[in-house]
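Here the sequence shown stands for residues -2 to 119, where the numbers follow our numbering.
Take a look at the structure set out below.
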Amino acid sequence: MRIPSNDAMDKGLRSVVSPAVMESVVTTLGEKPKTKRLPWSKRSAEYTAKISSGDPIALAEVVRDLYRDPTLANQTYSERQLFEKAFSRLAPEYAVVQKITEQEAAVQLESILQGTVEKVTA
-2 MRIPSNDAMD KGLRSVVSPA VMESVVTTLG EKPKTKRLPW SKRSAEYTAK ISSGDPIALA
58 EVVRDLYRDP TLANQTYSER QLFEKAFSRL APEYAVVQKI TEQEAAVQLE SILQGTVEKV
118 TA
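This is the structure in structure tokens:
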């Protein structure tokens, strides 16, 4: 979908984040997950608000907190849906900033989440 540049800000579009902001995103992804002892409905609402905000650091928090190693842990359907939604918004922006493909970005982000590689920066 194309939006005239004059209307971009009115429609909620923002420019791609800077490499410095992306470094903060990567740092956030590498931190220990922060899970609150709230009912799932309240946590889900918080995660949805963060995803809708468009803030890449908030997206990274959702991805970090909902990430589960596919070989180790079970994840509910709703957790997986929110994780995938946040991840699918974060990976393309990471790819643009890093000047790599979205597939490469997804692999790098997954590696950061697993803690198997050093943080990658531009």
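Ideal Cβ placement from N, Cα and C applies to all residues, glycine included.
Closest residue to residue i among the options (Cα-Cα distance)
i   : options               : result
K58 : T25, M19, I109, A92   : The residue you asked about is not Lys; residue 58 is Glu in the sequence shown. Ranking the options by Cα distance to E58, first place goes to T25.
S49 : E90, S108, P89, K82   : K82
S12 : I109, E99, E107, P89  : P89
R77 : E28, V23, S41, Q95    : S41
V94 : N71, P67, P53, T68    : P53
Y74 : G51, S108, M19, W37   : W37
L56 : L79, V104, Q105, Q100 : L79
Collapsed DSSP secondary structure at residue i in the structure displayed
i   : result
Q72 : coil
V13 : coil
D62 : helix
G48 : Per the sequence shown, residue 48 should be read as Ile rather than Gly. DSSP places I48 in helix when its eight states are reduced to three.
R86 : helix
I97 : coil
K39 : helix
Cβ neighbour criterion (16 or more within 10 Å) applied to residue i
i    : result
Y64  : buried
Q111 : exposed
D62  : buried
K33  : exposed
Test: residue i CB closer than 8 Å to a CB of chain D
i   : result
K47 : The structure shown contains no chain D; it holds only a single protein chain.
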